[in-house]
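Chemist: Got a structure for you, questions after.
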């Protein structure tokens, strides 16, 4: 009786929120599974609504600027109008040249990194353990990793291994992915990097080895696994079975986390890139790890630097879901 009532409540809740009720096969899910499903559906609906609102706002803003420009041109003499139009063209040309110059410099930096940069591998072999929503979250993190790396003055050389199936399909949909200066391997890292096995180091919080320095000869592996709570210890077990080295970031040596030492894939990559530039773990942690994940006592010294450093476009709910073991 209670189960039936819960089912009715779940359906009613989904209808009130504008979300379709679970299909017939989903009626056999447990109470917690149904709650999780409804929560995810609400999140997706809210996300779509925000996207639509942002698009509408952008459209209105463009229309407002167009009208302002037309009004400005209508209020001046013909000579002044010509000068304004020419000035606007010059500014556009200058911006385009600046972007082109920045793009060329970025390509040069990434090309150098391919030859001598720190190698960082994102292991994508866990995609079969994740839902489509979680895979999408990981793809967004990878996109952010590439963008951050491209902006670094001393970027690393990124690898994607096990890039197949739905993961590979979603990555291919990213704008410009085919032109990324990054290694894309359908094979696992253990296959693709057989001749480098002695230099492979899997970063996992379960390791007893603390990473003091980054060795330019080593290739550091980050597990691409969202929602690690379901798969605790999986990266450590994998590394042990493959007979490769493991290490963990020295987070505990520099700050106290408010919860477990679990970060998103993009946060781990950004910490490694910051360390390559600064050779300072403390500065790297405080500049990348969101303040909400740190205990109050640790938020003082670097508070000014950390302000506004959270990943753009990542809200708290998404951040909790986009996790990997370090």
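Residue numbers (UniProt numbering): 1 to 326. C-beta atoms are modelled at their ideal positions from N, C-alpha and C, and glycine is treated no differently. Every value quoted in this text rests on a predicted model; they were computed, and no experiment measured them.
#1: Are residue 209 and residue 246 closer than 8 Å when you measure CB to CB?
#2: Assuming residue 145 and residue 265 make a contact with CB atoms under 8 Å, what is their CB distance in whole Å?
#3: Identify the residues that DSSP records as bridge partners of residue 247: which are they?
#4: From this set, 225, 137, 132 and 189, which residue's C-alpha is nearest residue 160's C-alpha?
#5: For residue 123, list the residues DSSP reports as bridge partners.
#6: Which residues in the same chain have their Cβ closer than 6 Å to the Cβ of residue 186, if we skip the five residues on either side of it in sequence?
#7: Less than 8 Å between the C-beta atoms of residue 129 and residue 225, yes or no?
#8: If you drop the 5 nearest sequence neighbours on each side, which residues of the same chain put their C-beta closer than 7 Å to that of residue 141?
#9: Rounded to the nearest angstrom, what separates residue 74 and residue 65 at their Cα positions?
#10: Between the alpha carbons of residue 198 and residue 222, how many angstroms are there, rounded?
#11: Could you pull out every residue in the same chain whose Cβ sits closer than 7 Å to the Cβ of residue 327, ignoring the five residues on either side in sequence?
#12: Starting from residue 56 and walking both ways along the beta strand (DSSP E), at which residues does that stretch end?
#13: By DSSP's criteria, residue 185 is part of a beta bridge. Which residues make up the other side?
#14: With a threshold of 7 Å on Cβ separation, who are the neighbours of residue 90 within its own chain once the five nearest residues in sequence on each side are excluded?
#15: Below 8 Å on the Cβ atoms is my guess for residue 270 versus residue 148; work out the distance and round it to an integer in Å.
#16: What's the call for residue 205, buried or exposed, on a 16-neighbour Cβ count within 10 Å?
#17: Pick from 154, 87 and 124: whose alpha carbon is nearest that of residue 112?
#18: Where does the unbroken alpha helix (DSSP H) through residue 257 begin, and where does it stop?
#19: Once DSSP output is grouped into helix, strand and coil, what is the label at residue 23?
#20: Do you know how far the Cα of residue 104 is from the Cα of residue 279?
#21: Per the DSSP calculation, residue 210 is bridged to which residue(s)?
#22: Compute the distance between the beta-carbons of residue 285 and residue 251, then report whether it is under 8 Å.
Modeler: On the basis of the coordinates in this document:
#1: Closer than 8 Å, so yes.
#2: Right, their Cβ atoms sit about 7 Å apart.
#3: Paired residues: 203.
#4: When only C-alpha atoms are compared, the closest one is 189.
#5: Answer is 161 and 223, bridged to residue 123.
#6: Result list for residue 186: 163 and 164, in chain order.
#7: Yes, they are a contact pair.
#8: Cβ within range, chain order: 264, 265, 266 and 322.
#9: Residue 74 and residue 65: Cα-Cα distance of roughly 14 Å.
#10: About 17 Å.
#11: No answer is possible for residue 327: the residues shown for the chain start at 1 and end at 326.
#12: Careful: residue 56 lies outside any beta strand (DSSP E), inside the alpha helix (DSSP H) at 31-74.
#13: DSSP output for residue 185 lists 161 as bridge partner(s).
#14: Excluding positions up to five away in sequence, the list is empty.
#15: Going by Cβ atoms, the distance from residue 270 to residue 148 rounds to 5 Å, so yes, they are a contact pair.
#16: Buried is the call here.
#17: That would be 154, whose Cα lies nearest to the Cα of residue 112.
#18: Judged by DSSP secondary structure, residue 257 falls outside any alpha helix (DSSP H); it is assigned neither H nor E.
#19: Low local confidence applies: a pLDDT of 43 at residue 23 is under 50, so the model's placement there is unreliable, with the coordinate-based value given in what follows. Three-state DSSP puts residue 23 in coil, outside helix and strand.
#20: Computed Cα separation, rounded: 27 Å.
#21: Looking at the DSSP assignment, residue 210 forms a beta bridge with 248.
#22: Yes, they are a contact pair.
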